[in-house]
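J.:
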Amino acid sequence: MDLTALPLRAAAARPHVLLVTTPGGTATRLAAERQLRLQDLPQARTPADADVLLVAGPECRGLRPAIDRLWQSLPAPRARARAATPGALPDALERCRAELAEPRGLRHAEHRHENPAGVGPDEGPDAEFGNGRDERDGDGGGAHDGHERHDGHGPDGGNGGHEGHEAGEYHGSHDSPGSHGSHESPGSHGSHGRHGGHESHGSHSDHGDSGPPWGLPMAGQGEDRDGLTLDQLHVPLGPFLADWPDGLAARLTLQGDVVQRLEFERPPVGGGGSCPPFWGEPWARAAAGERVAAGEGARRRAAAHADSLGRLLAVAGWAGAATTARRLRDDLLDGASSAELRPGVRRFARRVGRSRTLYWLTRGTGVLTAEAARDAGVTGPAARADGDVPARYRTWLAALVRDVDRLADRTPLDPAEDGPRGGAADGRWPSAALVRVLPGLLEGAELAAARLVVASLDPDPDELAAVPREVDA
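Here the sequence shown is numbered in my numbering, starting from 1 and rising by one per residue.
(1) Could you have a look at Leu19 and say whether DSSP puts it in helix, strand or coil?
(2) Leaving out five residues before and five after Val269 in sequence, what residues of the same chain have Cβ atoms less than 8 angstroms from its Cβ?
(3) Output needed for Ala11: all residues of its chain with C-beta closer than 7 angstroms, excluding positions within five of it in sequence on either side, in chain order.
(4) Just to check my reading of the structure: Asp418 and Thr379 have Cβ atoms closer than 8 angstroms, yes? What is that Cβ distance to the nearest angstrom?
(5) Let me know the secondary structure DSSP gives Gly387 once reduced to three states.
(6) Measure the Cβ-Cβ separation of Trp396 and Pro415 and say whether it is below 8 angstroms.
(7) State whether the segment 404-412 contacts the segment 353-364, with contact taken as three or more CB pairs (one from each stretch) at a distance under 8 angstroms.
(8) Quick one: is Gly158 buried, meaning 16 or more other Cβ sit within 10 Å of its Cβ, or exposed?
(9) Does the beta-carbon of Asp307 have 16 or more other beta-carbons within 10 angstroms, so that it is buried, or is it exposed?
(10) Alpha helix (DSSP H) containing Leu63: first to last residue?
(11) Can you list, in chain order, the residues of its chain with a C-beta nearer than 7 angstroms to that of Gly295? Leave out the 5 residues immediately preceding and following it.
(12) In chain order, what residues of the same chain lie with their CB nearer than 7 angstroms to the CB of Arg436, ignoring the 5 residues before and after it?
(13) Taking 8 angstroms as the cut-off, decide whether the C-beta atoms of Asp243 and Arg329 are in contact.
(14) Measure the C-alpha to C-alpha separation of Trp479 and Arg80 and round it to an integer number of angstroms.
(15) Please state if the CB of Leu262 and the CB of Leu233 are separated by a distance shorter than 8 angstroms.
(16) In chain order, which beta strand (DSSP E) runs of at least 3 residues are fully inside the segment 331-371?
(17) Cβ of Val259 within 8 angstroms of Cβ of Ala448?
(18) Given that a residue counts as buried once 16 or more other Cβ atoms are within 10 Å of its Cβ, and exposed if not, what is Asp371?
(19) Taking Cβ to Cβ, would you say Ser431 is nearer than 8 angstroms to Asp386?
(20) In this structure, does DSSP put Pro459 in helix, strand or coil?
(21) Of the choices Ala391, Ala287, Thr324, Ala433, whose alpha-carbon is the least far from that of Trp360?
(22) Answer yes or no: do Val17 and Leu38 have a C-beta to C-beta separation smaller than 8 angstroms?
(23) Residues in its own chain within less than 7 angstroms of Val401 by CB, not counting five upstream and five downstream?
(24) What residue range is occupied by the uninterrupted beta strand (DSSP E) comprising Glu263?
(25) Counting along the chain, where does the alpha helix (DSSP H) carrying Val435 start and finish?
(26) Is the beta carbon of Thr362 sitting closer than 8 angstroms to the one on Leu452?
(27) Quick check: what's the CA-CA separation for Ala284 versus Glu102?
(28) Which word fits Asp231, buried or exposed, when buried means at least 16 other C-beta atoms lie within 10 angstroms of its C-beta?
(29) Three-state secondary structure (DSSP) at Asp231?
(30) Using a 10 Å radius around the Cβ and a threshold of 16 neighbouring Cβ atoms, would you call Ala316 buried or exposed?
(31) What's the gap between the Cα of Arg194 and the Cα of Asp246?
(32) Around the C-beta of Thr369, are 16 or more other C-beta atoms found within 10 angstroms, so that it is buried, or is it exposed?
(33) Starting from Leu248, follow the beta strand (DSSP E) in both directions and report where the run begins and ends.
(34) Using CA coordinates, which residue listed in Val352, Ala339, Leu341 is at the minimum distance from Val389?
(35) Rounded to whole angstroms, what's the CA-CA distance from Glu290 to Gly297? Just pull it up for me.
(36) Just curious, the beta strand (DSSP E) that Leu53 is in, first and last residue?
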């Protein structure tokens, strides 16, 4: 008698989905988030809490190792799929649910062998939909004996039912800058897999000169900002982390929880071909000579600001407001009219803009003056804000309200008009300048505050991976 079939079928009916995005996959990500919300499928914030690894977007060889590490970190039973386009999502999710419901899937997962070639199930001829259960790949239960789901996560994938900001908890993101409780390990998505080679150390009785103990780097020492000599830790952040720009990887040098130095790795080249980034598409079409209505640009810009606000609010721990922002984003992309959107958008803008808790949490962090922004080539909302994190999210809110009133504008879109993150500067999409300015803003900041600063600038991974944009001299 098989006692596992019924529990597996029950779990497969509502799996926790870990969603990651490759460059060029923004449209697929947005469709996936909307579908998961409509089907009441919770989004996992860490691999340990996930049943399904869903990759949204085209194949990206540069991110394949990081995706494979995520896959190795999922406890069994598990399933994996890739949806290269929004149309592939329904079939990909159904395949994963069907595989999770099969009792033999658990038995296979418990006896898998490590894949020495590192070939994932979404790299073969069925890469578009993936193959949730790969017999070649998988540590299955091998690296996660007794690895159970964290029951503290709510049905929304980690944020519980906290609708008010004051009650928000930090599930998978970070504590507020003022309270340094336990937060997600930096780079937990990018390096959450097994520490390769642990088993080969035996009793670890003699490390000699063969390398650091247990394969883990020891803390170095360096001067602190107060003139003290303190331990330094070198840790990765990204490329996959909850509410972090997917594909963006950083190397941090920390003293305690203070960022001493930060370096961003070169973004991987996207697999989306020559297509323009999703959020900048109307401006690219207008620059190519196509007649694009100004209202279409306003709709895309408003949706992008709502998406950025949702990410910032999630990092700050305000789950209810983050969900509201993402619902407004989906309504904008679905073509809702100004009359339908205006009441909800204005109510949302008042609630977030007037929140004292959010202001106290973020004030004084990541100050970017208009002059410094201009010198760095930063344009758009980040330059207009001329200030800290609250100045930037209030600039987004004001632009959101303003653009919702312009959705019916049929006049031609000016390609020189700022997009969601600004206009073209130095021949590249504006996110390149946002990344260049980040190290200077983050050095000396506490780690939790650094996450908020990155979310308040919100560089677009599609823009970072895109071919340099042509601009008129």
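Each residue gets a CB set at the ideal place from its N, CA and C atoms; glycine is no exception.
T.: According to the data block:
(1) strand
(2) Pro23, Cys60, Gly62, Ala465
(3) Asp51, Leu100
(4) 6 angstroms
(5) strand
(6) no
(7) no
(8) For Gly158, the predicted structure reports a pLDDT of 42, less than 50, and the residue's modelled location is therefore unreliable. The matter cannot be settled from this model.
(9) buried
(10) Run containing Leu63: none; DSSP gives neither H nor E here.
(11) Arg406, Leu407, Ala408, Asp409, Arg410
(12) Ala376
(13) no
(14) Since the first residue shown for the chain is 1 and the last is 473, residue 479 is missing from the structure and cannot be characterised.
(15) no
(16) none
(17) no
(18) The amino acid at residue 371 is misidentified as Asp; the sequence shows Glu. Exposed: under 16 other Cβ atoms inside 10 Å.
(19) no
(20) coil
(21) Ala391
(22) no
(23) Val345, Arg346, Ala349
(24) 258-264
(25) 431-442
(26) yes
(27) 47 angstroms
(28) exposed
(29) strand
(30) buried
(31) Its pLDDT being 39, under 50, Arg194 is placed unreliably in this model, and the coordinates cannot settle the point.
(32) exposed
(33) That residue, Leu248, is in no beta strand (DSSP E); it is neither H nor E in DSSP.
(34) Val352
(35) 13 angstroms
(36) 52-56
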